[in-house]
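Engineer:
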Amino acid sequence: MKRFSAIILMLILGLGLAGCNTAHRKMEPPCTKVLVYQLPYDLTYLRVMEALDGKGKWQLEETDKEKGLISLRETDYKSLDDSDVPVIVIEIKRVDRATTSVALAPKSQAAYSGAVLMKKIDEALSRETQS
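Its first residue numbered 67, the sequence shown is counted upward by one per residue in my numbering.
Encoded structure:
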């Protein structure tokens, strides 16, 4: 019985320490950046999709051009030990005829990878505006 109790105690201690490993992650501030470009809506939407398609651990999941939404799913998301969100939604909006904005949806702004994805989008669309 002592041996069984010792094994249970070690298991509880081991699981507790594993939980502490993820409890002290540095929380990033939400990515509320809104990128604005002097590009038509259709071209902006296309370039955002091209910039994000097959890049890193994110995969295009769903697109809705009418609503201006692009959903990305994390391919190596683990529900037990992952603080990040499994899906990020990017919103593309028409400001006026020749201007569009790109931003993370409010539910996606707290994602760890949101700032990285926005940087990729900014690089791709900045190249487009320079050409």
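Quick reminder that beta carbons are idealized off the backbone N, C-alpha and C, glycines included.
Fair warning: this is a prediction, and the values are worked out from it, not measured in the lab.
Rounded to whole angstroms, what's the CA-CA distance from I73 to L81? Just pull it up for me.
Structural biologist: 12 Å
Engineer: Would you kindly work out how many angstroms separate the C-alpha atoms of P44 and K68, rounded to a whole number?
Structural biologist: Residue 44 falls outside the range modelled here, since the chain spans only 67 to 197, and no answer is possible.
Engineer: With DSSP run on the structure shown, which of helix, strand or coil describes S71?
Structural biologist: helix
Engineer: Measuring CB to CB, does L101 end up less than 8 Å from S174?
Structural biologist: Against a cut-off of 8 Å, the Cβ pair of S174 and L101 comes out as no contact.
Engineer: Identify the residues that DSSP records as bridge partners of I154: which are they?
Structural biologist: L138
Engineer: Please tell me whether I136 and V161 are closer than 8 Å, where the distance is taken between their beta carbons.
Structural biologist: no
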